[in-house]
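Trainee:
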Amino acid sequence: MPSILESQPGLYRDLLPEFLMSEVPEETKATCSSCAMCKSSCGQAVAEEDESAQNYFRPETKCCTYHPNVPNYLIGAVLADDRPEASEGRRRIEEKIRERVGVTPYGINAPAKYSLLYQSSKEFFGRASGMRCPYYVDEQGGLCSIWRYRESVCSTYFCKHVAGADGRKFWMTLKGYLTLVETQLMRYAAFRLEPEYLLGEKHPAEPPARKLTREELEERSPSERDYQKLWGNWVGLEKDFYTECFKIVSSLSKVEVEKILGFDGEASLALLKKYHRAAVFPVLPKKLKLNPDLTVKWLRDPVQGDQVALGGYSELDAVALSVDAFTLLKDFDGQSEVGAVRARWRQEKSTDFADEVLLELAQARVLVE
Ligand code: SF4
Ligand code: SF4
Numbered sequence: 000m001p002s003i004l005e006s007q008p009g010l011y012r013d014l015l016p017e018f019l020m021s022e023v024p025e026e027t028k029a030t031c032s033s034c035a036m037c038k039s040s041c042g043q044a045v046a047e048e049d050e051s052a053q054n055y056f057r058p059e060t061k062c063c064t065y066h067p068n069v070p071n072y073l074i075g076a077v078l079a080d081d082r083p084e085a086s087e088g089r090r091r092i093e094e095k096i097r098e099r100v101g102v103t104p105y106g107i108n109a110p111a112k113y114s115l116l117y118q119s120s121k122e123f124f125g126r127a128s129g130m131r132c133p134y135y136v137d138e139q140g141g142l143c144s145i146w147r148y149r150e151s152v153c154s155t156y157f158c159k160h161v162a163g164a165d166g167r168k169f170w171m172t173l174k175g176y177l178t179l180v181e182t183q184l185m186r187y188a189a190f191r192l193e194p195e196y197l198l199g200e201k202h203p204a205e206p207p208a209r210k211l212t213r214e215e216l217e218e219r220s221p222s223e224r225d226y227q228k229l230w231g232n233w234v235g236l237e238k239d240f241y242t243e244c245f246k247i248v249s250s251l252s253k254v255e256v257e258k259i260l261g262f263d264g265e266a267s268l269a270l271l272k273k274y275h276r277a278a279v280f281p282v283l284p285k286k287l288k289l290n291p292d293l294t295v296k297w298l299r300d301p302v303q304g305d306q307v308a309l310g311g312y313s314e315l316d317a318v319a320l321s322v323d324a325f326t327l328l329k330d331f332d333g334q335s336e337v338g339a340v341r342a343r344w345r346q347e348k349s350t351d352f353a354d355e356v357l358l359e360l361a362q363a364r365v366l367v368e
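For the sequence shown, numbering that gives the first Met the number 0 assigns the number 0 to the initial residue and increments by one for each residue that follows.
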């Protein structure tokens with residue numbers, strides 16, 4: 000099993016608590032290089048007019064219909080990475096800096112107009128090429144040009160989870176913890192370099208709770224005066240600023256980072272440990288019943304027999320079962336103990352589920368307490 004930090008930016012290994020070296024199940028169901036959510040991964044082309052295409056993600060976006068807010072020190076890490084394979088990410092970040100849209104001392108953020116659009120719908124997710132991430136490379140099945148330095152939303156997202164709802168809860172809790180890490184470290188680095196950024200109480204990563212300016216509507220750079228006000232003496236030296244932020248953060252010790260994160264870090268880590276236990280060491284509840292909110296989709300298969308696709312915790316991650324197995328599950332009524340129901344099956348029907356299958360169904364919330 001990989002460690003929690005294996006999917007995270009490398010510099011965190013020297014900064015974050017030892018607990019984050021604990022193992023987590025590899026998310027093998029999220030087959031990103033041949034995207035599990037794209038119909039073309041099943042060898043079928045997706046036509047726009049194909050109605051069933053609405054249920055799939057498009058290969059030219061996959062789940063990257065998102066504009067990350069990359070904190071200053073991770074921007075610096077991209078710029079400092081001179082390996083040839085990192086050059087495309089560097090080029091795209093440099094282009095962003097040249098364009099000056101969303102470019103702030105705290106990091107490079109989504110344009111204000113993009114954020115508003117993002118918040119106003121869910122329909123586009125995985126499908127609208129207009130919402131595609133600027134760091135997405137539409138080659139070789141879709142690649143991320145800043146993969147090693149992607150921020151917490153990207154690095155903790157999986158469309159499907161080996162540990163079902165417990166896995167999703169763990170990754171979402173990790174996202175919360177890493178968001179805190181990013182916020183505190185980017186503020187710390189900016190403060191060390193230019194205290195005025197913090198004292199001026201400007202936090203451009205906040206979504207705009209105001210009317211957009213004409214520049215923001217047209218996704219143009221801010222006026223020279225506004226940009227100068229934002230960056231002060233660092234105008235024209237933004238790349239140096241970000242690289243310095245990376246150096247400041249990389250030179251911190253684990254103890255210093257713990258201090259910077261404070262009590263919020265401690266509480267967030269305790270929560271993460273709790274959900275890690277639930278995902279990695281699941282326990283089958285004593286009593287179970289079919290999830291009353293289950294979505295059931297019949298899959299006709301004249302060769303192997305009809306099946307049902309059961310969605311318990313996510314519309315993106317259904318469990319397929321034979322119709323007979325599904326019928327059997329209805330014996331769980333939430334009153335009788337699981338052991339008693341299974342003993343009855345063995346005695347009366349000479350059948351049973353394997354322990355790990357029941358556990359999987361419980362983690363996928365096909366069965367609930
Ligand atoms: S996580 Fe994203 S890229 Fe990976 S399989 Fe799921 S939708 Fe596709
Ligand atoms: S940064 Fe990478 S992983 Fe995140 S949305 Fe963009 S292309 Fe996808």
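Note that beta-carbon positions come from the ideal geometry of N, C-alpha and C, so glycine has one too.
Less than 8 angstroms between the beta carbons of Gln-334 and Gly-163, yes or no?
Mentor: Taking the first residue of the sequence shown as position 1, residue 334 is located at position 335. Taking the first residue of the sequence shown as position 1, residue 163 is located at position 164. In this structure, Gly-163 does not lie closer than 8 angstroms to Gln-334 by Cβ.
Trainee: Please say whether Ser-267 and Tyr-176 have beta carbons closer to each other than 8 angstroms?
Mentor: Translated into the one-based positions of the sequence shown, residue 176 becomes position 177. Translated into the one-based positions of the sequence shown, residue 267 becomes position 268. Cβ distance < 8 angstroms, so Tyr-176 and Ser-267 count as in contact.
Trainee: Which residue's Cα is closest to the Cα of Asn-68: Glu-93, Glu-98, Cys-62 and Ser-114?
Mentor: Position 69 of the sequence shown, counted from the first residue, corresponds to residue 68. The residue with the shortest Cα to Cα distance from Asn-68 is Ser-114.
Trainee: Look at the alpha carbon of Arg-299 and the alpha carbon of Lys-38, and state the distance between them as a whole number of angstroms.
Mentor: Along the sequence shown, one-based indexing puts residue 299 at 300. Along the sequence shown, one-based indexing puts residue 38 at 39. Going from the Cα of Arg-299 to the Cα of Lys-38 covers about 18 angstroms.
Trainee: What is the rounded straight-line gap between the Cα of Arg-97 and the Cα of Ala-308?
Mentor: Looking up residue 97 in the sequence shown gives position 98. Looking up residue 308 in the sequence shown gives position 309. Those two C-alpha atoms are separated by around 49 angstroms.
Trainee: Could you tell me the alpha carbon to alpha carbon distance between Glu-87 and Tyr-148, rounded to whole angstroms?
Mentor: As a first step, residue 87 is located in the sequence shown; it is residue number 88 there, counting from the start. As a first step, residue 148 is located in the sequence shown; it is residue number 149 there, counting from the start. Glu-87 and Tyr-148: Cα-Cα distance of roughly 13 angstroms.
Trainee: Any idea what DSSP makes of Leu-19, helix, strand or coil?
Mentor: Within the sequence shown, the letter at position 20 stands for residue 19. Reduced to three states, the DSSP call for Leu-19 is helix.
Trainee: Which residues count as close to ligand 2 when the rule is a CB under 6 angstroms from any of its heavy atoms, in chain order?
Mentor: Every residue passing the under-6 angstroms Cβ criterion appears here: Cys-63, Tyr-65, Pro-67, Cys-132, Tyr-134, Tyr-135, Cys-143, Ile-145, Arg-149 and Cys-153.
Trainee: Please work out which residues of its chain come closer than 7 angstroms, Cβ to Cβ, to Asp-263, disregarding the five sequence neighbours upstream and downstream, and give them in chain order.
Mentor: Walking along the sequence shown from the start, residue 263 turns up at place 264. Leu-179.
Trainee: Can you look up Tyr-176 in the DSSP assignment and give me helix, strand or coil?
Mentor: Taking the sequence shown and counting its residues from 1, the one referred to as residue 176 is at position 177. Here Tyr-176 sits in helix by DSSP.
Trainee: Return the CA-CA distance between Ala-165 and Glu-25, expressed in angstroms with no decimal places.
Mentor: As a first step, residue 165 is located in the sequence shown; it is residue number 166 there, counting from the start. As a first step, residue 25 is located in the sequence shown; it is residue number 26 there, counting from the start. The question names Ala, yet the displayed sequence has Asp at residue 165. Answer to the nearest angstrom: the Cα atoms are 14 angstroms apart.
Trainee: Roughly how many angstroms separate the alpha carbons of Pro-194 and Phe-18, rounded to a whole number?
Mentor: Here the question's residue 194 lines up with position 195 in the sequence shown. Here the question's residue 18 lines up with position 19 in the sequence shown. Near 32 angstroms, if we compare the C-alpha coordinates of Phe-18 and Pro-194.
Trainee: Just the C-alpha distance for Asn-232 and Ser-313, rounded to the nearest angstrom, thanks.
Mentor: Within the sequence shown, the letter at position 233 stands for residue 232. Within the sequence shown, the letter at position 314 stands for residue 313. Their Cα atoms are separated by approximately 48 angstroms.
Trainee: Need the endpoints of the beta strand (DSSP E) that Gln-334 sits in, please.
Mentor: Indexing the sequence shown from 1 puts residue 334 at position 335. Unbroken beta strand (DSSP E) run through Gln-334: 332 to 336.
Trainee: Give me the Cβ distance between Lys-285 and Val-367, rounded to the nearest whole Å; I'm assuming they're in contact under 8 angstroms.
Mentor: Residue numbering aside, residue 285 sits at position 286 when the sequence shown is read from its first letter. Residue numbering aside, residue 367 sits at position 368 when the sequence shown is read from its first letter. With a Cβ gap of about 13 angstroms, Lys-285 and Val-367 do not count as contacting.
Trainee: Kindly examine ligand 1 and report whether one of its heavy atoms sits closer than 7 angstroms to the Cβ of Ala-35.
Mentor: In the sequence shown, the residue the question calls residue 35 occupies position 36. Checking the Cβ of Ala-35 against ligand 1 gives yes.
Trainee: Between the stretch 114 to 123 and the stretch 74 to 87, do three or more beta carbon pairs fall short of 8 angstroms?
Mentor: The stretch 114 to 123 is not in contact with the stretch 74 to 87.
Trainee: Measure the Cβ-Cβ separation of Val-102 and Leu-184 and say whether it is below 8 angstroms.
Mentor: Within the sequence shown, the letter at position 103 stands for residue 102. Within the sequence shown, the letter at position 185 stands for residue 184. No, the pair does not count as a contact, with Cβ atoms beyond the cut-off.
Trainee: Return yes when the C-beta of Thr-27 is under 7 angstroms from any heavy atom of ligand 1, and no when it is not.
Mentor: For the purposes of this step, residue 27 is taken as residue 28 along the sequence shown, with counting starting at 1. No; taking the cut-off as 7 angstroms, the Cβ of Thr-27 has no heavy atom of ligand 1 nearer than that.
Trainee: Ser-321 lies in the beta strand (DSSP E); which residues open and close that run?
Mentor: Counting from one through the sequence shown, the residue named residue 321 turns up at place 322. Here the beta strand (DSSP E) through Ser-321 covers 318 to 321.
Trainee: Check whether the Cβ of Thr-30 sits closer than 7 angstroms to any heavy atom of ligand 1, and report yes or no.
Mentor: Residue 30 sits at position 31 when you count from the first residue of the sequence shown. Indeed, a heavy atom of ligand 1 lies less than 7 angstroms from the Cβ.
Trainee: Nearest-angstrom Cα distance between Glu-5 and Arg-224?
Mentor: Position 6 of the sequence shown, counting from 1, holds the residue named residue 5. Position 225 of the sequence shown, counting from 1, holds the residue named residue 224. When rounded, the distance between both Cα atoms is 43 angstroms.
Trainee: For Tyr-148, which of helix, strand or coil comes out of DSSP?
Mentor: The residue you call residue 148 lines up with position 149 of the sequence shown. Residue state, collapsed to three classes: helix.
Trainee: Using a Cβ-based criterion (distance less than 7 angstroms to any ligand heavy atom), does Phe-56 qualify as near ligand 1?
Mentor: Position 57 of the sequence shown, counted from the first residue, corresponds to residue 56. Phe-56: yes, Cβ under 7 angstroms from ligand 1.
Trainee: State buried or exposed for Met-0, treating a residue as buried only when at least 16 other CB atoms are found within 10 Å of its CB.
Mentor: Position 1 of the sequence shown holds residue 0. Flag for Met-0 reads exposed.
Trainee: Measuring only from the beta carbon, is Tyr-176 closer than 7 angstroms to any heavy atom that is part of ligand 1?
Mentor: For the purposes of this step, residue 176 is taken as the residue at position 177 of the sequence shown. Because no heavy atom of ligand 1 lies under 7 angstroms away, the Cβ of Tyr-176 does not count as near it: no.
Trainee: Please classify Thr-27 as buried or exposed, where buried requires at least 16 other C-beta atoms within 10 Å of its C-beta.
Mentor: Residue mapping note: residue 27 aligns to position 28 of the sequence shown, counting from 1. Under this definition Thr-27 is an exposed residue.
Trainee: Can you tell me where the beta strand (DSSP E) with Gly-310 in it begins and where it stops?
Mentor: Position 311 of the sequence shown, counted from the start, is the residue given in the question as residue 310. From DSSP, the beta strand (DSSP E) with Gly-310 extends over 306 to 310.
Trainee: Three or more C-beta pairs under 8 angstroms: does that hold for the stretch 59 to 74 against the stretch 130 to 147?
Mentor: Judged by Cβ distances under 8 angstroms, the stretch 59 to 74 makes contact with the stretch 130 to 147, as three or more pairs qualify.
Trainee: Any chance the CB of Tyr-226 is under 7 angstroms from a heavy atom of ligand 1?
Mentor: Residue numbering aside, residue 226 sits at position 227 when the sequence shown is read from its first letter. Answer for Tyr-226: no, Cβ out of range of ligand 1.
Trainee: If you follow the beta strand (DSSP E) that Leu-298 is in, where does it begin and where does it stop?
Mentor: Residue mapping note: residue 298 aligns to position 299 of the sequence shown, counting from 1. Start and end: 294 to 298.
Trainee: Taking 7 angstroms as the cut-off, is the C-beta of Phe-123 nearer than that to any heavy atom in ligand 1?
Mentor: As a first step, residue 123 is located in the sequence shown; it is residue number 124 there, counting from the start. Because no heavy atom of ligand 1 lies under 7 angstroms away, the Cβ of Phe-123 does not count as near it: no.
Trainee: Let me know the secondary structure DSSP gives Lys-288 once reduced to three states.
Mentor: In the sequence shown, residue 288 corresponds to position 289, counting from 1. It is a strand residue.
Trainee: Going by Cα to Cα distance, which pick from Ala-79, Asp-330 and Tyr-105 is closest to Glu-347?
Mentor: Here residue 347 is taken as the residue at index 348 of the sequence shown, counted from 1. That would be Asp-330, whose Cα lies nearest to the Cα of Glu-347.
Trainee: Let me check understanding here. Comparing Cα to Cα, which of Arg-341, Thr-326 and Leu-251 lies closest to Asp-354?
Mentor: Taking the sequence shown and counting its residues from 1, one reaches residue 354 at position 355. Here the closest residue by C-alpha is Arg-341.
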